[in-house]
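Data block below; observations after.
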Amino acid sequence: MSIGYLKEAKRAGMDAVAENLSKGFGITIWGQKAPEAGTQSLLALCQKALKPDVLKGLETKVGYPLQRKEVAQSLPSHWLYRLLLMRQLEHQLVQWHGGDKAYRFLTPQQIDSWEQLEQLFFEVMPRAGEDRSTRAFSMTPALPLPLFEKHVFEEDSISVSSMPFPKKQGSKDLLATVLQGLGKMNAPFSQRPSPQGPPQELATSFAQKAMALWLQNKLNVECDSQEWAKIYKTLPSNEVMHYLDQMTICDPAAGGGQVLQGAFEGLLAARHEWAYFGQRATPAMKRVCFRDGTLQTKKGEAFPYQVTAGPGGYNRQANKEVQRVYEAFFANGAHTLARQLFGVSSSAEALAQSKLRLWSALLRLAHYDAASGLEELPAIPDLAHHLCHGDTLHSRFNLETHLAKMLKGNKLRLGVYLSAIRMYQNSASPAARAEARGIFTDMQKNFRMELRRSLPAYQRLKRLENMQSLEANPLFDFAQTPEDQGKAILKAEQLRQKIARLRLQVAGELMAHQTFEWRYQFPEILNPQDGSFQGFDLLMTCPPEEEATAEERQRCGQLVELCLRLVKPDGFLALMLPDDFFRNKAYRTAVRALENQAIIHETQEVDGDGFGSLVTGKVLVWAEKEK
56 MSIGYLKEAK RAGMDAVAEN LSKGFGITIW GQKAPEAGTQ SLLALCQKAL
106 KPDVLKGLET KVGYPLQRKE VAQSLPSHWL YRLLLMRQLE HQLVQWHGGD
156 KAYRFLTPQQ IDSWEQLEQL FFEVMPRAGE DRSTRAFSMT PALPLPLFEK
206 HVFEEDSISV SSMPFPKKQG SKDLLATVLQ GLGKMNAPFS QRPSPQGPPQ
256 ELATSFAQKA MALWLQNKLN VECDSQEWAK IYKTLPSNEV MHYLDQMTIC
306 DPAAGGGQVL QGAFEGLLAA RHEWAYFGQR ATPAMKRVCF RDGTLQTKKG
356 EAFPYQVTAG PGGYNRQANK EVQRVYEAFF ANGAHTLARQ LFGVSSSAEA
406 LAQSKLRLWS ALLRLAHYDA ASGLEELPAI PDLAHHLCHG DTLHSRFNLE
456 THLAKMLKGN KLRLGVYLSA IRMYQNSASP AARAEARGIF TDMQKNFRME
506 LRRSLPAYQR LKRLENMQSL EANPLFDFAQ TPEDQGKAIL KAEQLRQKIA
556 RLRLQVAGEL MAHQTFEWRY QFPEILNPQD GSFQGFDLLM TCPPEEEATA
606 EERQRCGQLV ELCLRLVKPD GFLALMLPDD FFRNKAYRTA VRALENQAII
656 HETQEVDGDG FGSLVTGKVL VWAEKEK
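This note's numbering puts the sequence shown at residues 56 to 682.
As structure tokens, then:
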């Protein structure tokens with residue numbers, strides 16, 4: 056995880072804990088170089104803890120070479136992400152219960168050791184009821200997410216409880232400082248600026264305009280995207296809601312997830328507005344607005360979790376209406392994350408931040424049934440199948456390849472796969488969808504195995520492994536003299552070393568071949584009748600471009616062309632492109648493709664402020680792909 060992502064924690068409200076750690080303990084968590092003499096970064100401490108034998112054991116387990124810095128960056132980032140998400144959960148829990156601080160669980164009183172913090176990570180948060188190892192956190196709702204499963208680096212490496220923290224003061228005091236700093240965080244993590252990608256406010260308006268244009272086109276309404284009320288009042292609510300529920304949105308360069316979060320919040324806001332104008336709203340719904348990713352009153356105040364009537368009075372019926380509002384918003388948000396948003400990133404670290412961003416956005420709408428116990432927190436969707444790691448510009452099969460050809464190496468009949476697609480798209484049963492998803496997962500594993508067999512290094516590896524097995528057989532041991540025996544031992548050791556190097560080479564080549572097969576990963580976008588590629592309704596992206604190099608310009612142009620292939624005919628593209636996109640000759644092919652295959656509805660230029668390390672401006676493009 057790059058240090059840039061750790062910096063976001065500082066902007067999310069950890070300034071106080073940063074200062075205390077630096078002065079009192081000589082630790083800084085967001086810089087490799089110490090800001091003051093005598094301080095160390097958390098990254099440096101992790102690198103120090105990663106002994107050569109530990110790193111070698113990790114390489115053997117994952118099957119490819121690792122850099123010490125890569126592992127050292129990943130571990131503290133996972134710890135930090137867990138803490139930030141748990142802080143979000145704690146904040147919601149306290150608010151839901153009228154500000155009662157008895158529901159706080161990230162406090163020095165509750166967690167008095169690093170071992171207990173790890174217990175919270177792995178034995179409390181992902182489990183509910185009697186499955187928990189302790190009742191000390193009995194008032195903490197379960198949050199079963201992949202984030203609270205041990206990372207592959209944590210299983211046989213260092214843990215937060217085994218970190219070599221400085222002994223300038225006690226380790227218990229260090230933990231207390233971290234927890235006290237977390238307690239001062241008030242703003243949602245996912246609303247804060249990001250060191251990479253567009254500012255969240257810009258990303259949200261950018262995504263919402265694309266959805267408005269697409270919806271107007273579908274409903275054959277000509278209206279300024281800002282004049283939503285005209286659309287609401289003139290169109291049947293059922294028809295509009297149908298399109299909102301079926302819309303599919305993809306970001307093939309998801310980065311930190313700002314664009315996807317903007318689309319998520321835009322869909323929830325649109326659903327609320329159409330429900331209101333369609334006369335579906337309850338009295339409580341008519342008192343609420345959805346803006347900035349939260350539920351608010353018409354006056355812009357926080358929408359109450361519980362309703363009281365008079366001093367000490369409690370209006371149960373009114374509170375049920377309020378809870379139904381939260382339930383409706385959460386259900387819509389879960390549906391959006393589980394079925395409508397798709398993203399791919401070539402960076403596993405950026406992908407982790409995207410997931411955290413969307414989980415945090417949904418968690419702000421979580422509701423609790425106090426009468427049934429706190430374990431009634433609704434399930435948070437697993438985003439592993441819709442937010443994926445891969446290089447979208449490299450695929451073994453193009454989008455027009457017949458599905459039967461793709462399945463040839465998988466030994467899977469076309470009819471079985473098409474049946475799985477229909478089951479996955481149409482079934483409301485989680486068990487049925489999981490069964491279908493298992494078929495797709497097996498296909499991806501088989502594809503990777505087939506890709507491995509096609510590598511020349513893998514063929515050499517198999518030959519050497521066969522040779523090793525023959526020499527290990529006593530029937531082929533012809534060493535008679537001590538001299539011959541020594542030569543045989545030396546030869547066997549050399550062979551073993553060659554095999555070890557080839558195994559790492561094969562694993563490295565597989566990592567380099569981050570081919571992304573759209574029809575393997577996203578069955579939602581396939582035609583269930585013949586398996587042909589249908590595409591997404593909207594493509595939204597901000598291609599990463601930290602430096603204006605020829606290679607980055609080429610990738611940006613290729614990404615624009617990919618978006619044109621991925622979007623449906625009459626679908627929309629929303630692109631944040633370099634400000635010289637239409638002038639620079641390096642983008643000539645992409646510009647020509649965009650002008651020939653799409654109708655550009657609107658462009659808008661913005662400066663580079665707020666884009667992290669980017670120094671150039673952007674041109675925002677909203678275009679419709681021609682039929």
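Just so you know, even glycine gets a beta-carbon here, dropped at the ideal spot from N, CA and C.
Measuring only the C-alpha atoms, how far is residue i from residue j?
i: M498; j: T604; result: 37 Å
i: Q514; j: R508; result: 7 Å
i: T644; j: H206; result: 42 Å
i: L138; j: K410; result: 14 Å
i: R608; j: C618; result: 16 Å
i: D539; j: K546; result: 10 Å
i: S280; j: Q313; result: Annotation note: pLDDT 48 at S280 (below 50); position unreliable, coordinate value reported separately. Approximately 21 Å between the Cα atoms of the pair.
i: V276; j: M478; result: 34 Å
i: L632; j: G112; result: 43 Å
i: L130; j: G153; result: 35 Å
i: E2; j: E520; result: This structure does not reach residue 2, given that the chain is present from 56 up to 682, and the question cannot be answered.
i: T337; j: C344; result: 13 Å
i: G311; j: K463; result: 36 Å
i: K542; j: E505; result: 37 Å
i: E145; j: K682; result: 49 Å
i: S212; j: A641; result: 45 Å
i: Q652; j: Q255; result: 29 Å
i: Q271; j: P624; result: 15 Å
i: L630; j: A262; result: 10 Å
i: F203; j: M180; result: 7 Å
i: L200; j: R556; result: 36 Å
i: T303; j: V399; result: 14 Å
i: G48; j: Q164; result: As displayed, the chain neither begins before 56 nor continues past 682, which places residue 48 out of reach and without an answer.
Considering only residues of the same chain and omitting the five flanking positions on each side of residue i, which have a CB-CB separation below 7 Å?
i: R182; result: A197
i: K124; result: Q102
i: G672; result: D634, E660, V661, D662, G663
i: H656; result: L268, W677, A678, E679
i: A127; result: L98, C101, Q102, L105
i: E173; result: S214, V215, S216
i: A487; result: M478
i: P529; result: Low local confidence applies: a pLDDT of 48 at P529 is under 50, so the model's placement there is unreliable, with the coordinate-based value given in what follows. Same-chain partners within the cutoff: there are none.
i: A459; result: L469
Excluding sequence positions up to five away, which residues of its chain have a Cβ less than 8 Å from the Cβ of residue i?
i: I544; result: none
i: L621; result: C305, P307, L454, W573, G590, F591, L594
i: H390; result: D300
i: F637; result: V646, V674
i: Y381; result: L350, Y360, L420, A421, H422
i: Q584; result: L473
i: I554; result: L516, L519, E520, Q523
Closer than 6 Å by C-beta to residue i: which residues in its own chain qualify, once you throw out the five before and the five after it? Chain order, please.
i: A403; result: H444
i: L148; result: Y158
i: E616; result: A645, A648
i: N582; result: Q589
i: M461; result: F452
i: T195; result: F160
i: I166; result: L172
i: W134; result: V215
Per DSSP, which residues does residue i bridge with? Please list them.
i: S400; result: H444
i: V343; result: T352
i: K273; result: K273 is not bridged to any residue.
i: K680; result: A653
i: C305; result: F397, L594
i: M631; result: L675
i: F588; result: L581
i: E376; result: According to DSSP, which records beta bridges pairwise, E376 is partnered with nothing at all.
i: E660; result: V674
i: V622; result: F591
i: A357; result: Q351
i: T570; result: D446
I'd like to know whether the C-beta of residue i is nearer than 8 Å to at least one C-beta of chain C.
i: L350; result: Among the protein chains of the structure shown there is no chain C, as only one such chain exists.
| Inter-stretch contact (C-beta, 8 Å, three-pair minimum) for the region 391–398 and the region 373–380 | When Cβ pairs closer than 8 Å are counted between the two stretches, the region 391–398 is seen not to touch the region 373–380, the count staying below three.
| Can you list, in chain order, the stretches of the beta strand (DSSP E) that have 3 or more residues and sit fully within the region 439–504? | Counting only runs of 3+ residues, the beta strand (DSSP E) found wholly inside the region 439–504 occupies 442–444, in chain order.
| said: In chain order, what are the residue ranges of uninterrupted beta strand (DSSP E) at least 3 long that sit wholly in the region 131–214? | reply: none
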